[in-house]
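Just below is one structure, and these are the notes that go with it.
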Amino acid sequence: MRTRLRAARSALAAAAASVRLLGTASGTAVRMAWRASPALVLASMTLAVLSGATPGAAAWLTKTVLDRLAGHASWAQLTVPAVGLALAGLVAAVAPQLSGYAENELRRSVNLLMQAEMFAAINGFAGMRRFEDPRFHDRLRLAQQAGQSAPQKLVAAALIVAQSLVTLAGLLGALFVLSPLMAVVVLVSTLPAVLAQLALSRQRARFMWRSSPTARRQLFYAALQTDPVAAKEVRLFGLGDWLRGRMLTDLRTVNTGERALDRGVVRTQAALALLGALVAAGGLVYAIAAAARGSLTLGDVTVFVAAIAGAQSALSNLVSRIADSHQSATMFEHYLDVVRSPSDLPVPATPAALPALRRGIELRDVWFRYDESGPWVLRGVDLFLPYGQAAALVGLNGAGKSTLVKLVCRFYDPTRGSIRWDGVDIRDVPVAQLRDRIGAVFQDHMNYDLSAAENVGLGDLSVLDDRGRIRAAADAADIDETLAGLPRGYDTMLSRLFYAGEDDEDPEVGVSLSGGQWQRVALARALLRQGRDLLILDEPSSGLDAEAEHAIHERLRAHRAGRTSLLISHRLGAVRQADLIVVLAGGRIVERGDHATLLAAEGEYARLFALQAAGYQAENAGSAA
Numbered sequence: 001m002r003t004r005l006r007a008a009r010s011a012l013a014a015a016a017a018s019v020r021l022l023g024t025a026s027g028t029a030v031r032m033a034w035r036a037s038p039a040l041v042l043a044s045m046t047l048a049v050l051s052g053a054t055p056g057a058a059a060w061l062t063k064t065v066l067d068r069l070a071g072h073a074s075w076a077q078l079t080v081p082a083v084g085l086a087l088a089g090l091v092a093a094v095a096p097q098l099s100g101y102a103e104n105e106l107r108r109s110v111n112l113l114m115q116a117e118m119f120a121a122i123n124g125f126a127g128m129r130r131f132e133d134p135r136f137h138d139r140l141r142l143a144q145q146a147g148q149s150a151p152q153k154l155v156a157a158a159l160i161v162a163q164s165l166v167t168l169a170g171l172l173g174a175l176f177v178l179s180p181l182m183a184v185v186v187l188v189s190t191l192p193a194v195l196a197q198l199a200l201s202r203q204r205a206r207f208m209w210r211s212s213p214t215a216r217r218q219l220f221y222a223a224l225q226t227d228p229v230a231a232k233e234v235r236l237f238g239l240g241d242w243l244r245g246r247m248l249t250d251l252r253t254v255n256t257g258e259r260a261l262d263r264g265v266v267r268t269q270a271a272l273a274l275l276g277a278l279v280a281a282g283g284l285v286y287a288i289a290a291a292a293r294g295s296l297t298l299g300d301v302t303v304f305v306a307a308i309a310g311a312q313s314a315l316s317n318l319v320s321r322i323a324d325s326h327q328s329a330t331m332f333e334h335y336l337d338v339v340r341s342p343s344d345l346p347v348p349a350t351p352a353a354l355p356a357l358r359r360g361i362e363l364r365d366v367w368f369r370y371d372e373s374g375p376w377v378l379r380g381v382d383l384f385l386p387y388g389q390a391a392a393l394v395g396l397n398g399a400g401k402s403t404l405v406k407l408v409c410r411f412y413d414p415t416r417g418s419i420r421w422d423g424v425d426i427r428d429v430p431v432a433q434l435r436d437r438i439g440a441v442f443q444d445h446m447n448y449d450l451s452a453a454e455n456v457g458l459g460d461l462s463v464l465d466d467r468g469r470i471r472a473a474a475d476a477a478d479i480d481e482t483l484a485g486l487p488r489g490y491d492t493m494l495s496r497l498f499y500a501g502e503d504d505e506d507p508e509v510g511v512s513l514s515g516g517q518w519q520r521v522a523l524a525r526a527l528l529r530q531g532r533d534l535l536i537l538d539e540p541s542s543g544l545d546a547e548a549e550h551a552i553h554e555r556l557r558a559h560r561a562g563r564t565s566l567l568i569s570h571r572l573g574a575v576r577q578a579d580l581i582v583v584l585a586g587g588r589i590v591e592r593g594d595h596a597t598l599l600a601a602e603g604e605y606a607r608l609f610a611l612q613a614a615g616y617q618a619e620n621a622g623s624a625a
């Protein structure tokens, strides 16, 4: 007995929590709809009230007409209720059409507002920690799904709930006049349905959260099979069937979970339908018996039967909408979590101004790891990058070079220590101000499915329409002649992704660049930021042949003259002209100096340089032979 009581209390507590969640989420969604379009919200509410009042009014008018016909009333006595019944029929026919149009317009307005706010929040995350967190991607996927439908469903459900409540008030009021007991029975019989539907919606929401990694992985396998970049390896290594198998396995896993949920829904709905049928049958028997005793007239019986059927239908619709709304509310919580998330980088209470770089950038005892349980990537790094000089970072893969660049750009903050820009801690200045002083080409640079001009111009949006500046940057990266020679010059799309036509010779189709050409475009994007205090070049020539690499570095050497720059490269020949070469190993600085000094020291740099030189000599000897 105690176990049953605890289970009942637990069910009621869960239902109460669900109702609170539903109320909070629905209120937020309605306020969002009001911000999107107050006129459409008012129109939808008016139509909902009209639609809700119509069934009760129609039932009572029908009773009036039938009773007056049975009493041989005159035409004059029938006119008013008959006209009212006709008007009720007109409202019942027209209101759903107008409601549908208003709902679609409201859906479009709310969706536009939601997308704007969600991506404003995403773009407001100044760091990279969230974007490298798989749990955030699960939440973001659910937030994007919620953004497409949840608020509209919540608003629509709120309107339909209001409509159903108005309908219920009319029908249950009519039923209560005829039989208070049956009105109470019909109302109480919905309580199991409410509890059951809320429990089902909680199960669906939990399943969607648990299955999110599997669903996201299934989409990943599907995307790999159609990705033009992956197509070469997929076909060369024969990966298509393997990827397809992985995709289908994950899809079957999700389907199995959904199937179990659906079976539970069928069992629950069948039990609820049986309960509703028993209540309706009991009401019908009661009405017939009362009519036989003379307690109810023909009109009363008509209203009684219609009221029970209508009330059950309205209650079923109400419960179903509440359950759907609860699931939407749970999904909507993911959206709200994203848009309400605080900044992933601390924001200074009183931001300092970032001075123009005149002395240099200093890393003081910098330690860093990506999470608290992970290994240290940087360990006690002390480094000074002098103003106006070229510094280079070298080391084996995993030494911490790219991580150091992320910290200088403040994509992350050091776990311990600080980075100072002319003595000012970069955590004390607005992050946008810091990044506006930096130009960079990253090792994993982006290839945008945009025009050639836009691919370069994204480096500095303030000169996106300045074709002269864009071409000058492209020329500095030795890619101007290539881009100018495309079918539509700099207006040529560097992608075939969005082409929907059939003429492959049409210049609107777009073109595909080689890896080396894309690297030059990324370099041009960085060089567009003229006059920036710091230029970061992370493997800027890794995709180029030897001759092109030499030409690029000669151009970069001229461009870097007198400017502060940080160069990262595995090819030590590319860094030998740097003013300062820093060797990283295991997250620590093991050597520093210029090329000649480091060779003379016969340490790690000299060893790596000798290995690369020996490789080049062996290649030359092989070519000569």
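Just so we're aligned: 38 in the numbering used here is position 38 of the sequence shown, and the numbers increase by one with no gaps anywhere. Glycine is no exception: its CB is placed at the ideal position from the N, C-alpha and C atoms.
Would you report the Cα separation of residue i and residue j, rounded to the nearest angstrom?
i	j	result
leucine 385	arginine 364	12 Å
threonine 226	arginine 35	40 Å
glutamate 105	threonine 46	15 Å
alanine 102	aspartate 241	47 Å
arginine 259	methionine 331	20 Å
glycine 593	valine 575	12 Å
glycine 439	threonine 350	26 Å
leucine 200	leucine 336	22 Å
alanine 606	valine 234	40 Å
alanine 625	leucine 599	Caution applies to alanine 625, whose pLDDT of 46 falls short of 50 and renders its modelled position unreliable; the value that the coordinates give is listed next. Cα-Cα distance, rounded: 30 Å.
proline 507	glycine 457	Here proline 507 scores only 49 on pLDDT, less than 50, and its place in the model is too uncertain to base an answer on.
leucine 513	leucine 494	7 Å
aspartate 371	glycine 127	14 Å
serine 418	aspartate 425	7 Å
proline 96	alanine 352	58 Å
lysine 153	proline 192	23 Å
phenylalanine 237	alanine 222	17 Å
glycine 573	arginine 563	20 Å
valine 65	arginine 107	41 Å
arginine 210	arginine 139	11 Å
leucine 404	leucine 608	21 Å
leucine 87	arginine 216	52 Å
phenylalanine 125	phenylalanine 131	9 Å
leucine 464	asparagine 455	10 Å
tyrosine 412	phenylalanine 368	9 Å
threonine 214	alanine 150	22 Å
leucine 393	glycine 360	16 Å
The beta strand (DSSP E) with residue i in it runs from where to where?
i	result
serine 565	564-568
alanine 452	Where alanine 452 is concerned, there is no enclosing beta strand (DSSP E), although the alpha helix (DSSP H) it sits in stretches over 452-457.
leucine 378	378-386
aspartate 227	Here aspartate 227 belongs to no beta strand (DSSP E), and DSSP marks it neither H nor E.
leucine 535	534-538
glycine 374	No beta strand (DSSP E) contains glycine 374, which DSSP labels as neither H nor E.
arginine 364	360-368
Taking the alpha helix (DSSP H) that residue i belongs to, which residues open and close that run?
i	result
alanine 76	75-123
isoleucine 470	467-476
alanine 524	515-527
glutamate 481	480-484
Looking at residue i: is its Cβ nearer than 8 Å to the Cβ of residue j?
i	j	result
valine 381	valine 366	yes
phenylalanine 207	glycine 257	yes
alanine 565	alanine 399	Going by the sequence as given, residue 565 is serine instead of alanine. Contact: no.
leucine 497	aspartate 449	yes
threonine 118	valine 339	It is methionine, not threonine, that sits at residue 118 in the sequence shown. Against a cut-off of 8 Å, the Cβ pair of valine 339 and methionine 118 comes out as a contact.
glutamine 218	aspartate 262	no
tyrosine 387	arginine 358	yes
alanine 143	histidine 334	yes
methionine 205	threonine 268	Note that residue 205 is alanine in the sequence shown, not methionine. No, the Cβ-Cβ distance between alanine 205 and threonine 268 is not below 8 Å.
leucine 50	valine 91	yes
alanine 48	alanine 231	no
glutamate 604	valine 582	no
arginine 379	aspartate 533	no
Could you check whether the Cβ of residue i sits closer than 8 Å to any Cβ belonging to chain D?
i	result
alanine 231	In the structure shown, chain D cannot be found, because there is only a single protein chain.
The stretch 427-446 in contact with the stretch 335-355 per 3-pair CB rule at 8 Å: Result yes; three or more Cβ-Cβ pairs closer than 8 Å.
Entirely enclosed alpha helix (DSSP H) segments - the stretch 571-622, minimum 4 residues: The stretch 571-622 contains these whole alpha helix (DSSP H) runs: 595-601.
Completely contained alpha helix (DSSP H) runs for the stretch 399-438, where each covers 4 or more residues: As far as the stretch 399-438 is concerned, its whole alpha helix (DSSP H) runs of at least 4 residues are 401-408 and 431-435.
Stretch-stretch touch, CB-based, cutoff 8 Å, three pairs: the stretch 518-530 with the stretch 474-487: Contact check between the stretch 518-530 and the stretch 474-487: three or more CB pairs, one atom from each, fall below 8 Å, which counts as touching.
Report the start-end ranges of each alpha helix (DSSP H) in the stretch 228-283 that is 4 residues or longer and not cut off at the edges. Whole alpha helix (DSSP H) segments, 4+ residues: 231-236.
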